[in-house]
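Peer 1:
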Amino acid sequence: MKQKHSSIILEVAYRLLIPVLIVFGVYVLIHGEYSPGGGFQAGVILALAVILNRVLEPADVKKNYWTYKTIALAGMGPVIYMMTGLLSIPFGGHFLEYGLLPLPVHEVERHLYGILFIEVGVTLGVMATIISIFDSLGKVGDPDERGNLL
Amino acid sequence: MKHTFSKRSLFYGGLCLAVLAIMAYSMSFLPSYTEMDTPVHRNVAERYMTQAESETGSPNMVTAVLADYRSLDTMIETTVIFTAGVVTYAMIAIRRRKNYIWGGDEDHETEA
Amino acid sequence: MMFVIFLSLLLLIILITGLIAVFLPRLFGSGILFSAFSFFVVLAYLLLSAPDVAFTEAVISVISIAYYVIAIRELRKGDLE
């Protein structure tokens, strides 16, 4: 990152923890069909990486967190979920019927891809929601050009 | 630091303990942990345990139930989480923004 | 039998930690005790062979202690009353 942290322990912890958290979050998301895990847990772990960045910032750094854009990203999660569900309707299925998704694989494997798509949606929604709640609770950033604070 | 509990705190503590006693009493009517004859284990659980891997391709039964059999529930759950974020933003952040623009009587402005 | 004894001990610890976390007058210590509470809840879920729920609980306890720390810091500044 561009700025130095306030102490050497925090900086080392930051550098060690952030990549591990991101890789583990993506692993939990993708491997969620075979092991404990899934979209919700992956979203929280990915949000923890971002929140750790915000916690460890020095107090005198100018902040501009744009919470309403984060909320727009959180709204993309349910939209991806519903689009995956609606995708099987033109091919003769019901809402969220994964067996009729237009993918060139076997029918059971289509279920796996459908589950993966909706888990991506859940991950996006949970991650952005947790970051936006954290920003709403935490410090107020600098006002943008229209005078809006968050 | 010596701390004494107030009357109100003691009242709510007693209320918590009373509700806890009622719940502990009603827990004694629940079926025990390893009983196989309860309605939970008789209706649909056997289908999930035997057919989930061949029907959905996912060896993790929890993911199969959450994301395939009951995926409509999970969709509404995601919407509920999104609503929680929007409501927190509306309760805390917009109030601060209004105080910044209109110059409220208390000092809610930026401190960075 | 060992299972039942261990689970009862765990549930007793959960009860004691939760009660202390509710009645502690200091906010920060209350948050720390809440994370101890959810650690024992994670152990109980693992004992009841539900690793998925245990994983969710562990992750959620981490995120909630971050929320508590931020909210307590803002309360001390007198920013949110």
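Chains as they are written, first to last, in the numbering used here: chain A, 1003 to 1152; chain B, 41 to 152; chain C, 2 to 82.
Glycine included, C-beta positions come from ideal geometry on N, C-alpha and C.
Keep in mind the model is a prediction, meaning the values are calculated, not measured.
1) Assign V84(B) to one of three DSSP states: helix, strand, or coil.
2) Note down, in chain order, each residue of its chain lying with its Cβ closer than 7 Å to the Cβ of T104(C), except the 5 sequence neighbours on either side.
3) Exposed or buried, G1039(A), counting other C-beta atoms within 10 Å across all chains shown (16 or more means buried)?
4) Could you check which residue in F45(B), G97(B) and E75(B) has the C-alpha nearest to that of V1153(A)?
5) Considering only the beta carbon of each residue, do S111(B) and G1087(A) sit closer than 9 Å?
6) Tell me which residue opens and which closes the alpha helix (DSSP H) that S111(B) is part of.
7) How would you call N100(B), buried or exposed, if buried means at least 16 neighbouring beta carbons within 10 angstroms?
8) In terms of residue numbering, what span does the alpha helix (DSSP H) encompassing L1103(A) cover?
9) Could you list which residues in chain A have their beta carbon closer than 8 Å to that of L64(B), in chain order?
10) So S1009(A) packs on T1069(A), CB below 8 Å; how close in whole Å?
11) Say whether chain A places a C-beta atom closer than 9 Å to the C-beta of P26(C).
12) With 9 Å as the threshold, decide whether the Cβ of L1050(A) is near any Cβ in chain C.
Peer 2: Checking against the coordinates, here is how it stands:
1) Indexing the second sequence from 1 puts residue 84(B) at position 44. Coil.
2) Outside the shown range of chain C, which is 2 to 82, sits residue 104(C), and nothing can be said about it.
3) As a first step, residue 1039(A) must be located in the first sequence, where it is residue number 37. Buried: at least 16 other Cβ atoms inside 10 Å.
4) The displayed coordinates of chain A run from 1003 to 1152. Any statement about residue 1153(A) would go beyond what the structure contains.
5) Indexing the second sequence from 1 puts residue 111(B) at position 71. Indexing the first sequence from 1 puts residue 1087(A) at position 85. Cβ atoms of S111(B) and G1087(A): closer than 9 Å.
6) In the second sequence, the residue the question calls residue 111(B) occupies position 71. Counting along the chain, the alpha helix (DSSP H) containing S111(B) begins and ends at S111 to T128.
7) As a position in the second sequence, residue 100(B) is number 60, starting the count at 1. It is buried - the Cβ of N100(B) has at least 16 other Cβ atoms within 10 Å.
8) Residue numbering aside, residue 1103(A) sits at position 101 when the first sequence is read from its first letter. Unbroken run through L1103(A): none, as it is neither H nor E.
9) Translated into the one-based positions of the second sequence, residue 64(B) becomes position 24. The sequence given here has Ala at residue 64(B), not Leu. By Cβ distance, chain A contributes nothing, its closest Cβ being about 30 Å from A64(B), past 8 Å.
10) Sequence index remark: in the first sequence, residue 1009(A) carries index 7 (1-based). Sequence index remark: in the first sequence, residue 1069(A) carries index 67 (1-based). No, S1009(A) and T1069(A) are not in contact; Cβ-Cβ is about 28 Å, not under 8 Å.
11) Against the third sequence, residue 26(C) aligns to sequence position 25. Not one chain A Cβ lies under 9 Å of P26(C).
12) Counted from its first residue, the first sequence places residue 1050(A) at position 48. Judged by the 9 Å Cβ criterion, L1050(A) is in contact with chain C.
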